[in-house]
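Trainee:
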Amino acid sequence: MSFWFWHGLRRGIQSTVYPGRAEIAPGISPGRPVDTEFGSVDHAQHAAAICPADAIHASGSTAFVDQGKCIQCQRCRLGISPPMTWDTGFEWARLSGQQLESRVLPSAFAKSMHIMVVDTGDCGACLHEVKQLNNPFYNMHRLGFFFTATPRTADLLLIVGPGTENMRGPLLKAWEAMPGTRRVLAVGTCAISGGVFGRSFICAGGAATVLPVDFEVPGNPPPPLAILHGLLAVSSRRSVASNVPAHGKAVISQ
Amino acid sequence: MAPSSVQTNMNRSALTNALTNCFGSGISTVPAGYGYELAISVANAEVLPPLCRFLFRDCSCSFAGIVAEELPGKWQLHYAFLALGVGWVDVILALPDGASIAPSIVTEIHAADWHEREIEDMFGICFENHPRLGDFILHDQIWREGIAPMRKRFDANQPPLERKVDLEWEPLLVVGDPGSFAMPVGPVYDGGLGEPLHFLLETVGEDVIRAVPRLFYKYRAIEKIAEGRRVEDVLLLAERFAATSAFAHSLAFCQAIERSSEVEVPERAMRLRVLIAEIERLRHHAGAIGDICASTALSVSAAHASIIEEELLRASCVFAGHRYLFGLNVPGGLSRDFEEEQCRNLLSAIDKAAKDLRVLENRLRYSSSFLDRLEDVGVVTEESARDLNLVGPIGRASAQTFDLRKACPYAGYQNYHFEIPCETEGDGYARLRVLFAEAVQSARLIHQAVDGLVPGAVHVPCDKIRSGVALGWAEAPRGAALHWVNVNDGGLVERYHAITPSFTNWLGFHVAAENFAFQDFPIILATFGLSATECDR
Amino acid sequence: MTFALGISIVVVLLTCAAGMLLSVVVGKKYVPLVIAVLGVVSSVALVFASATALIAGKSYAATLWTIDGFGQLSLRVDALSAVFLLAAGIVYFPASLFVRDFIARRLAADYPAHRFGVLYFALMASVVLILAAGDALLFLLSWECMSILCYLLINFEQKPQSDKRAGYIMLAMSEAGFLAVVVAFLLLGRTAPDLSFPSLSVAGAMLSTAGLWCVFLLGFFGFGVKAGLVPVNLWLPRSYTAAPNVFIPVFAGVTLNLGFYGIARLCADLIHAGIGTGVLALIVGSITALVGILYATTENDMKTMLGHSSIENAGIVVAGMGAFLIYRASGHPVAAAIALSASLYHMLNHSVYKTLLFQSAAYIEAETGTREMDQLGGLSRLLPGLSIVTLVGCLAISAVPPFNGFVSEWLTLQALLRSAIITSTSIRIVIALCGAILALTAALAVTCFVKAYAMNFLGRRRGAWEQRQYEHKSTGFAPVLLAIVCLLFGILPTYVLPLLNPAVEPLAGASVTKTLVPPFFTATAQNGQLPVAFLHDFHNLGAQSGKGLLPGQGLVVLLRGQDQNPVVFAMSPSYSLIALAILVLLAWFFVTRLTRKRSVARRALWAGGIPRLLPQMTYTATGFSNPVRVVFQAIFQPNIVEDTRSSVGSHFRTAILRQREETHVVDRVFLRPVRMASRWIADSLARMHHGRLNAYVAYVLAFLLLILFLSRVA
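Protein chains in written order, with numbering that gives the first Met the number 0: chain H, 0 to 253; chain L, 0 to 536; chain A, 0 to 713.
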């Protein structure tokens, strides 16, 4: 008979030090392209042309990235020379393009937030990363975040996937079944802009076309720490950029 | 890569002779697409069912699936079979444009059931004598009849159609006991962490009598979106519709394109492809094992398995730049090269993961309360598995030793030494044992791949894509995956179809789940480990 | 007082006669009114009579006429009869109102109400005569009349789909039981001068052990047929299902008690049965209770379910009587008194709540046209008043305080817990096992009636039943009366127990009032009715609240342990009800204060995101009780025949029809061996009839020789 209790203790504590301290373990984030100053208009336009998701916009010799559309295909890093600059952080959460002011949950929810996940057609990567939040490395319970089985006890609706028509009904029902103080977090590029699936007769092209979205975490998929950053943002324990580029337009960063 | 065997030509002609003897003028051999060994065109529809029966039963071919194409003036239905020792066989039935009825082969080949239902929903072709058409992808309760979105006249970019919930709709319930009821599960269940699926579990209280799933809540119509796009863009779709097998699907697609361009992928690229495919398999199996442990609520073992999986995800990220190995495969090879140092680091991570899995397996073997939930639960008998053509670890747990890496080697798999683990009981514990054994074999393959790395290029340009049908295949972590592409003269994709292992295996799920108690249902679901997104595309 | 008692009995009998006459004479439209009025009058007279007998302690005796060669017919109402007359009266009052409401407003205009009225009053008269009989002859004559009248009433409605054999089986088994009872009385009265109960009692005291056992077994199983004991109760569920809805409340509430009366009279009063007989009664009672509730839990037709539940309650009553016999024979009068009072209390309670539940089932069938619980659901919106009243009945039968079932179950289990005073270990083990079985039946009863209430009234409408063609009518007042009585019997046990005392005390030899109802209201530190320390403790707990306001001795039922085990078991449903009411009010008050500024939004049910939750997707009664069926599979031994229709080989299943075939466990365990044994005997004897003349002559010769030999020996 295996003595699981003992094996568990022996494995030790694996939890990440984030958000108390910076996490620097290798492989926690694939990174993403950031606005790059090329110094040459050709290079910038070359970068804009190679992006298959129409996420890079060249303005002069600078290439700007719309994070809400970037699908992290790495073509702008591997397929062109010189490549776009990639950062290696993971704090990617931001207010949704629809929101002008902060929509964090009241302070009562800061250390105890219940999350209902609805998968509206996700490829599996974002949902998998969300599930990793429960593993011993990320261990979201220590931060007071819990998954609930029913929207009746949920404070946050976490949406992954581009919003298929067959899931539109269940998504709206879940939203309507949530009690008054509720927020929506769209995780992944598909949930923000539709990703590779875009808008079609069967995909809504992002959760924002179906429901009012408060926060978003871009990435394809965003690593678990980025999703954790998003959860901390919703529960007002991390502040995120309020001056966000509205989805679909690029804004010169300060 | 075409299977190379000295006997190929002999067996191929033997097969052709046998077919000609039996069917005579009813069939004719036509030029095969890239990746196919043999293509047979059927003259009229009545010949099709006996021909399929002949191939499936008398020639012991495996049935893969049906691809429907709308060409100007006619329909073409491609039936894909794999004849061992010969290769892929394409049976083509052409129907004139006005006809919308085709013969059903479901009585001969039960595995064709869902393929025909999908074609009916998507194209509007009715299969005669199929007992249950309709309500498959476009659910009857919400969608009206006659939409047929895969037809050319349907515009993929139009806004979503007006739909209303049909208040008269009743589910088709089969159990006729006055006390029976249908317990609804999903589409949002398990706190949303389960993929959207819907079951109506018909029961009289203890045992589930009928458990047929309703899928396609995640249907994103990638096949429709792919039409008219360039190959690089369809590659993105092929890679990203099922992320946990992304590399395998992109590999299958790239191989289809490489076959139609007739390029020879460099040796180094093939070795690296095998390496990365096996990393994906190992990581997927660690995750599947973790899911099985979590479903029985053995939390510590689930946590251990998830630690192994996370370490593999991080190793993948360090090695390939993306945790789920996106963006690596391109037609003609890989998009980047790897250094010796990276491969050595990767090997140490793989070894650690393999060792942890061995330790976990030993501990689970002695947890009798855990085994109680798995043994003799969710049994799929060998006959059912053969009948329904189950593939992957699920098929191998029920004595189906079919594996594309051995049956139809690609990417140089014929040069590696590895085994295909197989069990016969077909219960949940057998599937778990197969997962552990395959993880061991994957680690072995990774070592062989790294040891055999030769210097060289990792990519050859793949510009001249010839028009026509091309078939690519790969053994994804969940089973055999096929990608069928038809490229037109302008180099754009005319028709794209993916036959995924989850689509094939979901058909057999109800066999496992029926006649077991309610409490066993989530465990059977976890031991099958199927993906709704891979099935729904 | 005796005169008043006598007059009441005469009034009852005269009213019954008048009822029979008027039912024939009066126009069909007025018969229900006649039944109601005269039924109410006679039931009031019955209650008055029994109250007089019990409270004032009087008894009544009168001789009727003499039959040549048999003896004198006489009436005799003593405390034991009075208790049963009280039960009959309490049931007949609302039953008569119910009959009127049902016939007048629910049944078709051509219902043969004349015949029903005649039979109804005749049955009432025969029941009263049985209970008031003073000698075996009148008892047996009225018993036979009652059996025949029951048969006529069960087969009253000749609907094409009714179960005609049910009445026949009931009559056959009743007659068999009756024969056994006749033999028992004759055996008892062999040495008695006449057949009156006092003489029989004297004769019973002089019986040998063998004779005692004979009389006991014959009487116990003979009356057990009517009382519904295993293995002679197979008629009961079928008859209850086949009985017309108008009649079944009376049938269930009154005639079942006659079996208990017979057992109490013959086995407890007329003979002094020993320990062995008590053990037998206890075991039979416990097994009856378990079998009854198991089949009730898995049954979906409401009337059949209530029939099985009656078997369960009968088992509890008889188990209590068995415990009483054991304690009395081992010389523990106090414990015997507790056991007998528990048994009689349970009999009273069962009459009330079973009648209530049957009336509710009748109204449900009248309203929806079906009795199958798998088809019903959501009735609380359609019949709100009936749903509240049925809820009271279900809570009462599940022994939930503050209703009456709780008190009698508590007392029964307490009586069994006193087994420590018995010296013999084996009997103690038997009592402990039977106590465990009764506890199991109590738990299963909760399951059964949760299912009965929830599947009928809560949730969504499941089947496609339509409402009857006339518009929905409100239910009558009768069930409400019964619900009120349920509550009263539950919260006033300290008034009911002294009422039962005059019946218990002569039989057990100890007063149950003194044992169970301490005089908290009248005791003071000075008058020494209770020990001072005891009084103080309970005074601090509030046991004297209501002292000056309420009559009686107190509101607490209390059992004191023995000297070596000075534990006190106390309960007071009256105070509990008050405490419950206060807590509910406080909770309501706080909740409304705290949430005054909050708004409550009502949204649709969350069902996993499906577009519509259909009735097929909700739990059925079969599904709810299936775990019980699976756990007790060894008892049920069902044979499930599954018929699957499929196409395309077995790949597509188009229909799966399952049929469950079960034989009742009593049939399997008792009756089938008896049938097979008797068939075997008959087959063996048939070998004698082979037609050879020589052998027949040899038989005659052998028999002659045997007779000669025996006469020589004798």
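For glycine and all other residues, C-beta sits at the position ideal for the given N, C-alpha and C.
1) With a CB to CB cut of under 7 Å and the five nearest residues on each side skipped, what residues in its chain are close to C144/A?
2) Roughly how many angstroms lie between the CA atoms of S575/A and G376/A, to the nearest whole one?
3) If you draw a straight line from the alpha carbon of G72/L to that of G489/L, how long is it in whole angstroms?
4) Buried or exposed for Q468/A, please, with buried defined as at least 16 other CB atoms from any protein chain shown within 10 angstroms of its CB.
5) Less than 8 Å between the C-beta atoms of A502/A and A209/A, yes or no?
6) If contact means a Cβ-Cβ distance below 8 Å, which residues of the segment 291-322 of chain A contact chain L?
7) Could you pull the DSSP bridge partners for R75/A from this structure?
8) So if DSSP puts T714/A in a beta bridge, which residue, or which two residues, is it bridged to?
9) If you draw a straight line from the C-alpha of F635/A to the C-alpha of E661/A, how long is it?
10) Is it a yes or a no for the segment 68-77 of chain H touching the segment 45-59 of chain H, going by three-plus beta-carbon pairs under 8 Å?
11) Report the neighbours of C50/H on chain L: residues whose CB is nearer than 7 Å to its CB, in chain order.
12) In three-state terms, what does DSSP make of K68/H?
13) Less than 8 Å between the C-beta atoms of A268/L and L250/L, yes or no?
14) Would you check if the distance between the CB atom of I100/L and the CB atom of C125/L is smaller than 8 Å?
15) In chain order, what residues of the same chain lie with their CB nearer than 8 Å to the CB of C202/H, ignoring the 5 residues before and after it?
16) How big is the Cα-Cα spacing for V105/L and V484/L?
17) Which runs of the alpha helix (DSSP H) at least 4 residues long sit entirely within the segment 487-538 of chain A? Give them in chain order.
18) Would you call the segment 216-226 of chain H and the segment 122-141 of chain H in contact, with 3 or more CB pairs under 8 Å?
19) I want to know whether the segment 517-532 of chain A touches the segment 477-489 of chain A - three or more CB-CB distances under 8 Å.
20) Determine, using beta carbons only, whether Y469/A comes closer than 8 Å to chain H.
21) Three-state secondary structure (DSSP) at D666/A?
22) Quick check on V555/A: does DSSP put it in helix, strand or coil?
23) Considering only DSSP beta bridges, list what I158/H is partnered with.
24) Which first and last residues belong to the beta strand (DSSP E) in which E45/L is found?
25) Please list the residues of the segment 591-610 of chain A that have a C-beta atom closer than 9 Å to any C-beta atom in chain H, keeping them in chain order.
26) What is the rounded straight-line gap between the Cα of G227/L and the Cα of A255/L?
27) Closer than 9 Å, Cβ to Cβ, to anything on chain A: give me those residues from the segment 172-187 of chain L, in chain order.
28) Under 9 Å Cβ-Cβ, which residues of chain A neighbour G204/L?
29) Assuming the contact rule is C-beta atoms closer than 8 Å, L481/L and I498/L should be a hit. Round their C-beta distance to whole Å, please.
30) At a Cβ threshold of 8 Å, is G191/L touching chain H?
31) Measuring only the C-alpha atoms, how far is I428/A from F196/A?
32) Mind listing, in chain order, the continuous alpha helix (DSSP H) runs of no fewer than 4 residues lying wholly within the segment 196-263 of chain A?
33) How big is the Cα-Cα spacing for F527/L and V390/L?
34) Compare the Cα-Cα distances from T296/A to each of L151/A, G622/A, F708/A, G607/A and report the closest residue.
35) Taking any Cβ of chain A, which residues in the segment 152-172 of chain H have a Cβ under 7 Å from it, in chain order?
36) What does a CB cutoff of less than 6 Å around A293/L pick up in its chain, not counting 5 residues either side in sequence?
Mentor: Straight from the coordinates:
1) S125
2) 32 Å
3) 20 Å
4) Low confidence applies here, because Q468/A scores a pLDDT of 47, under 50, leaving its location unreliable; read the following figure in that light. Exposed, because fewer than 16 other Cβ atoms sit within 10 Å of the Cβ of Q468/A.
5) no
6) N299
7) A60/A
8) Outside the displayed span of chain A (0 to 713) sits residue 714/A, for which this structure offers no information.
9) 7 Å
10) yes
11) The contacting residues do not exist; C50/H stays about 11 Å from chain L at best.
12) coil
13) no
14) yes
15) G120, P161, G162, T163, E164, G193, F196
16) 25 Å
17) 492-507, 511-515
18) yes
19) no
20) Annotation note: pLDDT 47 at Y469/A (below 50); position unreliable, coordinate value reported separately. Output row for Y469/A: interface = no.
21) helix
22) coil
23) V117/H, A185/H
24) First-last for E45/L: undefined, no H or E at that position.
25) S598, A600, R602, A603, L604, W605, A606, G607, G608, I609, P610
26) 17 Å
27) L172, V173, V174, G175, D176, P177, G178, S179, F180, A181, M182, P183, V184, G185, P186, V187
28) Y618, T619, T621, G622, F623, S624, N625, P626, R628, V629
29) 4 Å
30) yes
31) 36 Å
32) 196-204, 208-226, 234-241, 255-262
33) 11 Å
34) G622/A
35) G168, P169, K172
36) A301
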